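*Asks:* One structure follows; several queries about it will come next.
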Amino acid sequence: MKVVHVASEAVPYVKTGGLGDVMGSLPAALRSLGVDSLLVVPFYDKIIPSSFRFEKVKSGSLAMGGRVLPYTILRHDSTYFVSQPELYGRESVYSTREGDYPDNWLRFAFFARAALETIVALGGADVIHVHDWQAALLPVYLRTTMPERTEKTLLTIHNIAYQGIFPASVLADIQLPESVFTIHGLEFYGKLNYLKGGIVWSDEISTVSPTYAHEILTPELGFRLNGILEVRREHLTGILNGIDYSYWNPATDAALPYLYSASSLEGKERNKQHVLQEAGITSHPGFPLFAMISRLVSQKGLDLMLGAWDQLMALPLNLIMLGTGDPEIETALQDKANQYPDRFVLNRRFDEGLAHRLYAGSDFFLMPSRFEPCGLSQMIALRYGSVPVVRRTGGLKDTIQDVHPKTGVGNGISFDEATPSSFLDAVKRAVQLYATPDAYRRVQAIGATCDYSWQASARDYLALYQSMSAANQ
Ligand code: ADP
């Protein structure tokens, strides 16, 4: 079985969120099951560390965007990179503070086509597995320009809120025929929708948790693609992501000041005091420490927190946040940080090391998401003994079992309603739980026994690939 993944980010080269984590671990997990599993990503000249040694594999050019654009394919281990400095040699991956790069339509159409050419040059594959809208045009190019190819295609939707919607006028510039611009194709309310193209032209579609696979069929969470997904419902499935248990391991994590394991939590307390010191929170070191590490966008439920802020800060707790995103949300949170400097610290940056220290140092991990396709942070938090406090949606529903009021059994605290008061009630329950150390330790211990490693999920993907390529015979 040969599978080539195509995605816009992958650890350890480039990461803006969960997609990068998944692409850093799924291909390797598949290799451990005997799959010949490769990956293609863009080469972001200014972001990918130059310490990696890249080998040049091939070069080519594509007529796109009204000109001929050359590209080079580089390789490092099992990952191939599409190098085109004009398109990918930018300060960031998708956007600047002013908004998305205006030529993202070209950057990711070019990427999809160049990736496809590369796969063909590498001798093809049984399955081409494309991820999110940035790679979603690949199946469209495959079926419209290479009818003789036998590869099967799987599209995984990591977040349906991001679709790649562009003016219809770019269609000719991305070298697709007029005939794809119909309601049953790429057309979407008069515009072009790359993700919709992937949904229509892929053989199979998956998303990153079973609950989210149901949710995206609803008008509420389908972001106007629920209709076309309904048409393809029989080809839609949900496979939960995992995390890399060797990378995310508090017993060996080089980013931590103090190593610890589920059975010796003393080291965790020392990490807590370390991050409190680092944040300058010194007045109430005995309060439970809540952490949140997140893209600061409306999806993540920050409005629920902001709506309950004064009551939140009236509780005996400290809070450290790490994240960047929507400037309005950042500013609103910064105002709160200025107002409560001894209890709440906001770190407005992307910082992998601090993220590790916060998972390790916190007692609770907040994810009040309005929607959450899978969520990896809650899995990491469980692994580091930080009890997740989550809204019951998408993958959070599939991974976090609320502590039972009578038995005390559960691996976290969850709430249903997307309201500030429900969020606040959940945090109050967390504070109460912390006040009963035995009960709190029990929840922590249950969390540590959960297994959200890639083993099970990689097997599910393999079974899906096998059923797809069997359909070829
Ligand atoms: P999403 O994919 O929606 O961003 P996930 O929970 O699936 O959310 O994955 C988020 C990943 O990104 C986690 O590994 C989290 O630790 C990391 N992350 C998010 N923001 C930051 C940040 N500012 N600094 C470091 N890591 C971050």
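Once you know that position 378 of the sequence shown is 385 in this note's numbering, the rest is easy, because the numbers rise by one and skip nothing.
Note that beta-carbon positions come from the ideal geometry of N, C-alpha and C, so glycine has one too.
All values reported here derive from a predicted model rather than from experimental measurement.
Just the Cα atoms here: how many angstroms apart are S428 and R74?
*Replies:* Using only the alpha carbons, I get a separation of about 55 Å.
*Asks:* Between G401 and F378, how many whole angstroms is the CB-CB distance? I'm expecting something under 8 Å.
*Replies:* Between F378 and G401 the Cβ distance is about 6 Å, and since that is below 8 Å, they are a contact.
*Asks:* Please find out if some non-hydrogen atom of the ligand ADP comes closer than 6 Å to the beta-carbon of L243.
*Replies:* Outside the cutoff, so no.
*Asks:* From D133 to V13, what does the alpha carbon distance come to, in whole angstroms?
*Replies:* Using only the alpha carbons, I get a separation of about 14 Å.
*Asks:* Rounded to whole angstroms, what is the Cα-Cα separation between I250 and Y459?
*Replies:* If you take the alpha carbons of I250 and Y459, they lie about 6 Å apart.
*Asks:* For T160 versus D107, is the C-beta distance shorter than 7 Å?
*Replies:* Taking 7 Å as the Cβ cut-off, T160 and D107 do not qualify as a contacting pair.
*Asks:* Just to confirm my understanding: we take A168, look at its own chain, exclude 5 residues before and 5 after, and list those with CB closer than 6 Å. What are they?
*Replies:* Around A168: F230.
*Asks:* Please work out which residues of its chain come closer than 6 Å, Cβ to Cβ, to Y267, disregarding the five sequence neighbours upstream and downstream, and give them in chain order.
*Replies:* P257, G274, K275, listed in sequence order.
*Asks:* When you compare the CB positions of A116 and L144, do they come within less than 7 Å of one another, or not?
*Replies:* For A116 and L144, yes; Cβs fall inside 7 Å.
*Asks:* Confirm the yes/no value for this check: CB of R390, any heavy atom of the ligand ADP, distance under 6 Å.
*Replies:* No, Cβ of R390 sits at least 6 Å from all heavy atoms of the ligand ADP.
*Asks:* Quick check on Q288: does DSSP put it in helix, strand or coil?
*Replies:* The question names Gln, but residue 288 is Ile in the sequence shown. Correct three-state label for I288: coil.
*Asks:* Give the straight-line distance between the Cα atoms of H136 and V11, rounded to the nearest whole angstrom.
*Replies:* So the alpha carbons of these two residues sit roughly 6 Å apart.
*Asks:* Cutting at 7 Å between CB atoms, please list the residues of its own chain near F422, excluding the five before and the five after it.
*Replies:* Correct list, in chain order: R398, R399, S429, F430, D432, A433.
*Asks:* Curious, which full-length beta strand (DSSP E) runs of at least 3 residues does the stretch 414–474 contain?
*Replies:* With a minimum length of 3 residues, the continuous beta strand (DSSP E) runs that stay inside the stretch 414–474 are 420–422.
*Asks:* Anyone know if the C-beta pair for Q341 and L329 falls short of 7 Å?
*Replies:* Going by C-beta atoms, Q341 is not nearer than 7 Å to L329.
*Asks:* Extract the residue ranges of the alpha helix (DSSP H) inside the stretch 344–396, only unbroken runs of 4 or more that lie entirely within it.
*Replies:* Runs of the alpha helix (DSSP H) inside the stretch 344–396: 359–368, 384–390.
*Asks:* What's the C-alpha gap between W208 and A17?
*Replies:* Going from the Cα of W208 to the Cα of A17 covers about 24 Å.
*Asks:* Going by the C-beta, is I172 closer than 6 Å to any heavy atom of the ligand ADP?
*Replies:* I172 Cβ: outside cutoff for every heavy atom of the ligand ADP.
*Asks:* Could you tell me the alpha carbon to alpha carbon distance between E155 and S68, rounded to whole angstroms?
*Replies:* Roughly 22 Å separates the two Cα atoms.
*Asks:* Would you identify the three-state DSSP class for D409, choosing helix, strand or coil?
*Replies:* Strand, per DSSP.
*Asks:* Beta-carbon separation of I55 and V21 under 7 Å?
*Replies:* Yes, the Cβ-Cβ distance between I55 and V21 is below 7 Å.
*Asks:* As a quick exercise: from Q439, E62, Y366, G31, pick the residue whose alpha carbon is nearest that of R277.
*Replies:* Among Q439, E62, Y366, G31, the Cα nearest to that of R277 is on Y366.
*Asks:* Please determine, among L45, R150, K53, the residue with the shortest C-alpha to C-alpha distance to I126.
*Replies:* For the residues L45, R150, K53, the minimum Cα distance to I126 belongs to L45.
*Asks:* Just checking R120 against the ligand ADP - is the residue's beta carbon closer than 6 Å to any of the ligand's heavy atoms?
*Replies:* No, the Cβ of R120 stays beyond 6 Å of every heavy atom of the ligand ADP.
*Asks:* Can you tell me which residues form a DSSP beta bridge with A17?
*Replies:* Beta-bridge pairing links A17 to V21.
*Asks:* Go through its chain and collect everything with a Cβ distance to F371's Cβ below 7 Å, but skip five positions before and after it.
*Replies:* For F371, where only same-chain residues beyond five positions count, the Cβ hits under 7 Å are P295, F297, S393, V394, V396, A437.
*Asks:* Measure the alpha-carbon distance for L40 versus I235 and round it to whole angstroms.
*Replies:* Rounded to the nearest angstrom, the two C-alpha atoms are 33 Å apart.
*Asks:* What would DSSP say about D342, mapped onto helix, strand or coil?
*Replies:* Here D342 sits in helix by DSSP.
*Asks:* Which runs of the alpha helix (DSSP H), 4 residues or longer, sit entirely within the stretch 45–127?
*Replies:* Complete alpha helix (DSSP H) runs here, min 4: 92–95.
*Asks:* Looking at the C-beta of C381, does it have a partner C-beta in chain D at a distance below 7 Å?
*Replies:* Here chain D cannot be found, since the structure has a single protein chain.
*Asks:* Following a CB-centred definition, is G360 positioned closer than 6 Å to any heavy atom of the ligand ADP?
*Replies:* The answer is no for G360.
*Asks:* By alpha-carbon positions, which one of L76, T152, I164, S66 ends up nearest to P380?
*Replies:* Minimum Cα distance to P380 is reached at I164.
*Asks:* Inspect the beta-carbon positions of P217 and G245 and report whether they are closer than 7 Å.
*Replies:* Yes, the pair counts as a contact, with Cβ atoms nearer than the cut-off.
*Asks:* Does DSSP classify T189 as helix, strand or coil?
*Replies:* The answer is coil: DSSP assigns T189 none of H, G, I, E or B.
*Asks:* At a cut-off of 6 Å, would you count R302 as near the ligand ADP, judging by its Cβ distance to the nearest heavy atom?
*Replies:* Correct: R302 has its Cβ closer than 6 Å to the ligand ADP.
*Asks:* Express the C-alpha separation of Q170 and P146 in angstroms, rounding to a whole number.
*Replies:* The straight-line gap from Cα to Cα measures roughly 15 Å.
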